[in-house]
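Line by line, the protein sequences are chains L and A.
In terms of numbering that gives the first Met the number 0, the first sequence has 46 at position 47, counting the first letter as 1, and numbering is strictly consecutive.
In terms of numbering that gives the first Met the number 0, the second sequence has 157 at position 158, counting the first letter as 1, and numbering is strictly consecutive.
So the structure is just underneath, and the comments pick up after that.
Number of protein chains: 2
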Amino acid sequence: MNTDHRSGCPINLSLEVFGDRWSLIILRDMIFGGRRHFRELLNGSIEGIASNILADRLKRLMELGMLTKADDPSHKQKAIYSLTEMAISLVPILAHLGAWGRVWLPVSEELSIRAELLEKGGPPMWEHFMDDLRHEHLGAPARASGPTVRAILQAGYEAVVARKALGAVRDPA
Amino acid sequence: MNTDHRSGCPINLSLEVFGDRWSLIILRDMIFGGRRHFRELLNGSIEGIASNILADRLKRLMELGMLTKADDPSHKQKAIYSLTEMAISLVPILAHLGAWGRVWLPVSEELSIRAELLEKGGPPMWEHFMDDLRHEHLGAPARASGPTVRAILQAGYEAVVARKALGAVRDPA
DNA sequence: GCAACTGATTGCAAAATGCAATCGGATTTG
DNA sequence: CAAATCCGATTGCATTTTGCAATCAGTTGC
Numbered sequence: 000m001n002t003d004h005r006s007g008c009p010i011n012l013s014l015e016v017f018g019d020r021w022s023l024i025i026l027r028d029m030i031f032g033g034r035r036h037f038r039e040l041l042n043g044s045i046e047g048i049a050s051n052i053l054a055d056r057l058k059r060l061m062e063l064g065m066l067t068k069a070d071d072p073s074h075k076q077k078a079i080y081s082l083t084e085m086a087i088s089l090v091p092i093l094a095h096l097g098a099w100g101r102v103w104l105p106v107s108e109e110l111s112i113r114a115e116l117l118e119k120g121g122p123p124m125w126e127h128f129m130d131d132l133r134h135e136h137l138g139a140p141a142r143a144s145g146p147t148v149r150a151i152l153q154a155g156y157e158a159v160v161a162r163k164a165l166g167a168v169r170d171p172a
Numbered sequence: 000m001n002t003d004h005r006s007g008c009p010i011n012l013s014l015e016v017f018g019d020r021w022s023l024i025i026l027r028d029m030i031f032g033g034r035r036h037f038r039e040l041l042n043g044s045i046e047g048i049a050s051n052i053l054a055d056r057l058k059r060l061m062e063l064g065m066l067t068k069a070d071d072p073s074h075k076q077k078a079i080y081s082l083t084e085m086a087i088s089l090v091p092i093l094a095h096l097g098a099w100g101r102v103w104l105p106v107s108e109e110l111s112i113r114a115e116l117l118e119k120g121g122p123p124m125w126e127h128f129m130d131d132l133r134h135e136h137l138g139a140p141a142r143a144s145g146p147t148v149r150a151i152l153q154a155g156y157e158a159v160v161a162r163k164a165l166g167a168v169r170d171p172a
């Protein structure tokens, strides 16, 4: 890992970790989309990441301690990528980032409903989400009750998609 | 301004705004360092931004609605850059980013004391800070009482520097 | 045996970055 | 009043990063 930094400022060092156009997109897809494999990240990315960039960023994020990689027992060639606690603790930042983007940028309704729900859920929901991710990626015990936060966000997303499809039937273009 | 986006996801759109190595550094120097002029940003940057990059980013941030530019009445050639509400509302994100960096990255003590104080102050302190910035950059009325948040952070910084200098006298290298 | 899929790698063009020198005008200094 | 300094940039150029398409060798399912 590269250890010569521009400065010891925490904001600068954070930017050196994910101050590029792809690293946080990959982490977003792992956190919110539940993606664990190379191809899932490659083909599932709505932004269309290239395979060489994805390979480079996965390697970089591993060197930085944000991800780990393990063999998939069901497929000798598959690798499973896992979030570390360092990456899981980005959830509040992602929540704030989504909230800020929702206010100031031309977001689409179906892609911002998750950010809206996460904002409304506040820190308690973020903690729930981080516990879910610790269970999923670090083998921590599962939360006692209730659906996962990802399932709640996904349900919200699907409700918006369904409502928009209905609107399209009633009011076709 | 460029209006073709990779996706309408709020996190992606936020990254398109400041997902590079310099934009947030410039905003940090304006917010925490109180810098308003080109040269202040150029020479005051500990990370050493190049003048062409600074010029490009200032232009870009203006096009995105994060900054405005005005003539300095005291100097016909000077320009004063001001934060917009869009940029001021990044304060909570910067606070979280600093807090995260302080935990996970090799920050220096003197450059992370501000992040520590801002984290301990919590959302009420962030609101105070944003009010100060609205007064400074948008002409809003000043807060009723007490020192500015920037002054509090600066005092903390100087206390650390003084303490470290004292330690160097007592325990020279 | 063969097509589809696995996590990547390679080659190459285009864009972004880093760095030093420089610009014309405004201001300060001696 | 002339020289030096400062103002916000701009230019040229080498290096680095990115984006894109094609390709790779090994694994799996049929």
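Every residue gets a Cβ at the ideal spot worked out from N, C-alpha and C, and that includes glycine.
For clarity, every value in this text was computed on a predicted model and none was experimentally measured.
Alpha-carbon spacing of residue i relative to residue j, whole angstroms
| i | j | result |
| --- | --- | --- |
| methionine 0(A) | glycine 64(A) | Any reading at methionine 0(A) needs caution, since the residue's pLDDT is 42, under 50, leaving its predicted position unreliable; the model's value is listed next. Answer to the nearest angstrom: the Cα atoms are 10 Å apart. |
| proline 171(A) | leucine 165(A) | 10 Å |
| serine 81(A) | alanine 150(L) | 42 Å |
| glutamate 118(A) | alanine 94(A) | 6 Å |
| leucine 152(L) | arginine 162(L) | 15 Å |
| alanine 114(L) | cysteine 8(A) | 9 Å |
| methionine 29(A) | alanine 143(A) | 23 Å |
| valine 90(L) | histidine 74(A) | 46 Å |
| alanine 158(A) | alanine 167(A) | 14 Å |
| arginine 169(A) | phenylalanine 17(L) | 39 Å |
| histidine 127(L) | alanine 141(L) | 10 Å |
| valine 160(L) | serine 6(A) | 16 Å |
| isoleucine 79(A) | tyrosine 156(A) | 26 Å |
| methionine 85(L) | tryptophan 103(A) | 7 Å |
| aspartate 19(A) | arginine 59(L) | 16 Å |
| valine 106(A) | glutamate 109(L) | 38 Å |
| glycine 145(A) | proline 123(L) | 32 Å |
| leucine 137(L) | leucine 137(A) | 46 Å |
| glycine 121(L) | glycine 120(A) | 18 Å |
Bounding residues of the alpha helix (DSSP H) (the contiguous stretch that carries residue i)
| i | result |
| --- | --- |
| serine 111(L) | 108 to 137 |
| alanine 69(L) | Segment 66 to 71 is the beta strand (DSSP E) holding alanine 69(L); no alpha helix (DSSP H) there. |
| tryptophan 99(L) | 90 to 103 |
| serine 22(L) | 22 to 32 |
| arginine 56(A) | 50 to 62 |
| isoleucine 151(A) | 148 to 169 |
| glutamate 39(L) | 37 to 43 |
| serine 13(A) | 9 to 17 |
Neighbourhood of residue i by C-beta distance below 7 Å, restricted to the same chain and skipping five residues each side
| i | result |
| --- | --- |
| aspartate 32(A) | Reading the sequence as shown, one finds glycine at residue 32(A) and not aspartate. So the qualifying residues of the chain are Gly43. |
| histidine 4(A) | Leu12 and Glu15 |
| lysine 77(L) | His36 and Asp71 |
| arginine 133(A) | Ile87 and Ala139 |
| arginine 27(A) | Leu93 |
| threonine 83(A) | Gly64, Met65, Leu66 and Thr67 |
Range covered by the beta strand (DSSP E) that runs through residue i
| i | result |
| --- | --- |
| serine 81(L) | 74 to 82 |
Beta-carbon neighbours of residue i, restricted to chain L and to distances below 7 Å
| i | result |
| --- | --- |
| arginine 27(A) | Ile10 |
| serine 6(A) | Ile45, Glu46 and Leu110 |
Under 8 Å by beta carbon: chain A residues contacting residue i
| i | result |
| --- | --- |
| methionine 61(L) | Under the 8 Å cutoff, chain A gives no residues; its nearest Cβ is about 15 Å from methionine 61(L). |
| histidine 95(L) | Pro91, Ile92 and His95 |
| isoleucine 24(L) | Ile10, Asn11 and Leu14 |
| valine 106(L) | Gly7, Cys8, Pro9 and Leu12 |
Interface residues of chain A facing residue i [CB-CB closer than 7 Å]
| i | result |
| --- | --- |
| methionine 85(L) | Trp103 |
| alanine 114(L) | Pro9 |
Closest Cα partner of residue i within the set the options
| i | options | result |
| --- | --- | --- |
| leucine 66(A) | Asp55(A), Ser73(A) and Asn11(A) | Asp55(A) |
| tryptophan 125(A) | Asp28(A), Ile87(A) and Arg20(A) | Ile87(A) |
| arginine 38(A) | Ser73(A), Lys68(A) and Ser50(A) | Ser50(A) |
| threonine 147(L) | Trp21(L), Pro105(L), Asp130(L) and Leu104(L) | Asp130(L) |
| glutamate 135(A) | Arg59(A), Arg34(A) and Ser107(A) | Arg34(A) |
| serine 22(A) | Val106(L), Ile10(L) and Gly120(L) | Ile10(L) |
Close Cβ partners of residue i (< 8 Å) along its chain, the five nearest in sequence each way excluded
| i | result |
| --- | --- |
| isoleucine 24(L) | Ser44, Glu46 and Ile48 |
| serine 111(A) | Gly97, Gly100 and Arg101 |
| leucine 41(A) | Ile48, Ser50 and Leu53 |
| lysine 68(A) | Leu57, Met61, Ala78, Ile79, Tyr80 and Ser81 |
Contacts that residue i makes with chain A (C-beta to C-beta distance below 9 Å)
| i | result |
| --- | --- |
| serine 88(L) | Trp99, Val102 and Trp103 |
Beta-carbon neighbours of residue i, restricted to chain L and to distances below 9 Å
| i | result |
| --- | --- |
| serine 81(A) | What serine 81(A) touches in chain L: nothing, since even the nearest Cβ is about 17 Å away. |
Chain-order list of residues whose beta-carbon lies under 6 Å from that of residue i (same chain, five-residue window excluded)
| i | result |
| --- | --- |
| leucine 116(L) | Leu152 and Gly155 |
Per-residue contacts from residue i into chain L (C-beta, under 8 Å)
| i | result |
| --- | --- |
| phenylalanine 20(A) | Checking the sequence, you will find arginine at residue 20(A) rather than phenylalanine. Near arginine 20(A) (Cβ distances below 8 Å), the residues of chain L are Leu14, Glu15, Gly18 and Asp19. |
Near the ligand NAP: residue i beta-carbon under 8 Å from a heavy atom
| i | result |
| --- | --- |
| threonine 83(A) | Annotation note on the ligand NAP: not contained in the displayed structure, which lists no ligands. |
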